[in-house]
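Chains as they are written, first to last, in this note's numbering: chain A, 262 to 376; chain B, 45 to 160.
Below, the structure written as structure tokens:
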């Protein structure tokens with residue numbers, strides 16, 4: 262049973278470019294969460310999605326960041342016009358559809374570096 | 045809002061030493077509590093959890109007890125191994141209002157290094 266798959270593992274972008282991070286949840290999971298880990302810090306919640314719906318985006322920066330989880334395909338976290346401060350590890354987690362406080366299963370993350 | 049505070053690290057121990065990593069939390073309701081472990085270059089793995097007061101989570105020799113009176117969830121292990129070297133995160137998840145999910149609020153993480 263494949264775990265949460267994130268790609269790419271490492272992504273390098275120049276300032277002003279766009280970054281697209283992909284996340285395929287575990288089989289049977291329909292809840293997806295994105296977290297950001299800045300250097301030397303813990304993970305901070307960004308957004309929670311279900312298929313075709315954004316449920317909670319209270320942790321997303323107001324500009325340049327967007328997320329989607331289409332009916333088919335992986336969840337995408339998109340960062341437009343990247344800046345140096347966007348350098349971080351971005352983790353995706355998924356949980357089963359029956360809700361509640363189910364443990365979240367994490368991918369190995371995408372490490373984004375901005376030149 | 046919710047918050048989690050972990051003891052500051054890094055923590056350096058010799059093999060077979062006793063480990064305690066302190067974790068306290070602030071929450072408005074009745075959260076579930078978790079310990080996650082992160083090995084270098086990898087994502088977080090669930091280590092153990094507890095969903096209500098006085099529950100004890102345990103796994104791989106690690107234990108933590110949900111203490112509502114002290115709002116704590118300290119991680120302990122009686123005899124650490126070199127392979128336990130990693131970053132440990134305490135986290136809470138709270139079902140809010142009418143929602144049926146719990147986004148995780150993390151502590152800042154504690155780096156553990158175990159020497160032979």
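For every residue, glycine included, the Cβ atom is placed at its ideal position computed from N, Cα and C.
Item	Value
State the beta-bridge partners of residue 326/A as determined by DSSP.	340/A
Can a CB atom of chain B be found closer than 8 Å to the CB of residue 338/A?	no
Return no unless some Cβ of chain A is closer than 8 Å to the Cβ of residue 86/B.	yes
Skipping 5 residues on each side, what residues in its chain have a beta carbon closer than 7 Å to that of residue 269/A?	371
If you check the beta carbons only, do residue 310/A and residue 336/A fall under 8 Å apart?	yes
If the cut is a Cβ gap below 8 Å, which residues of chain B does residue 364/A touch?	78, 90, 93
Can you list the residues of chain A that residue 152/B reaches, using a CB-CB cut of under 9 Å?	301, 302, 303
Please classify residue 53/B: does DSSP put it in a helix, a strand, or coil?	coil
Just mark residue 150/B as buried or exposed, buried being the case when its beta carbon has 16 or more other beta carbons within 10 Å.	buried
What residues from chain A crowd round residue 147/B, counting only those whose CB sits closer than 7 Å?	294, 306, 309, 317
Taking C-beta pairs closer than 7 Å, name the residues in chain B that residue 368/A reaches, listed in chain order.	87
Could you tell me how far apart the beta carbons of residue 126/B and residue 160/B are, in whole angstroms, since I believe they sit closer than 8 Å?	6 Å
Between which two residues does the beta strand (DSSP E) carrying residue 351/A extend?	349-356
State buried or exposed for residue 54/B, treating a residue as buried only when at least 16 other CB atoms are found within 10 Å of its CB.	exposed
Could you spell out the range, first to last residue, of the beta strand (DSSP E) harbouring residue 106/B?	106-109
DSSP has residue 271/A in a bridge; who is on the other side?	372/A
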